[in-house]
Amino acid sequence: MDSGASHSFISAHLASCLDVTPDCMSYTLDVSTPIGTSMYTDSVYRGCEMSMAGIPLYADLIVLPIRDFDVILGMDWLSAHRARMDCYHKTVDFCLADGTTFQFKGDKGFSTTIISFIRASRYLEKG
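So for the sequence shown, this note's numbering puts the first residue at 1496; every next one is plus one.
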């Protein structure tokens, strides 16, 4: 989760492992990096399901040629799921539109195992 990212992203490498075709956006997105360079993309995987604390949450993941992260969940995703970040306590509280609430705690994660569609696809490839 990255509150400094306006959008959510998936690495091009991980995206190439998926058996799904991305959509082409109607524009090219110019993404600025922390080191001052730009990356351009026009591909997005829409409505990707991730399960967090046993709750399905969805994200539109824009394909980027990044290496250090598989997925970055940005402000578009955080705001859509009404997330509140507490940096001091290293927690993210979610209060979904239907009233469902749960909390992510820094390095400890959830008490329930999180498995995303991306991790699930990795397990399927190994089997």
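Even for Gly, the Cβ is constructed at its ideal location relative to N, Cα and C.
Just so it is clear, the structure is predicted and the values come from calculations on it, not from any experiment.
Straight-line gap, residue i to residue j (C-alpha atoms, nearest Å)
i, j, result
"F1605", "S1501", "Only weak support is given to the placement of F1605: the predicted model assigns it a pLDDT of 49, under 50, and the question is left unresolved by the model."
"S1533", "P1551", "32 Å"
"S1506", "K1600", "24 Å"
"T1536", "D1581", "31 Å"
"S1527", "D1563", "16 Å"
"G1531", "L1524", "16 Å"
"T1586", "F1597", "10 Å"
"M1547", "F1589", "10 Å"
"G1594", "H1576", "11 Å"
"A1578", "D1497", "12 Å"
"T1623", "S1538", "The structure shown does not extend to residue 1623, since the chain is modelled only from 1496 to 1622, so the question has no answer here."
Residue i burial status per 10 Å Cβ neighbour count (16 or more: buried)
i, result
"D1511", "The residue you asked about is not Asp; residue 1511 is Ser in the sequence shown. Exposed, by the Cβ-count rule."
"Y1540", "buried"
"G1499", "exposed"
"P1529", "exposed"
"S1503", "buried"
"G1569", "buried"
Span of the alpha helix (DSSP H) around residue i
i, result
"S1511", "1507-1511"
Check: residue i C-beta below 7 Å from any heavy atom of the ligand GTP
i, result
"S1533", "Looking at this structure, you won't find the ligand GTP or any other ligand, since it has none at all."
Inset, instruction - Give a yes or no on contact between the stretch 1513-1521 and the stretch 1539-1558, applying the rule of three or more CB pairs nearer than 8 Å. - result: The way I'd put it, the stretch 1513-1521 does touch the stretch 1539-1558; three or more beta-carbon pairs between them come closer than 8 Å.
Inset, instruction - May I have a chain-ordered list of the alpha helix (DSSP H) segments no shorter than 4 residues that lie completely inside the stretch 1527-1598? - result: As far as the stretch 1527-1598 is concerned, its whole alpha helix (DSSP H) runs of at least 4 residues are 1570-1575.
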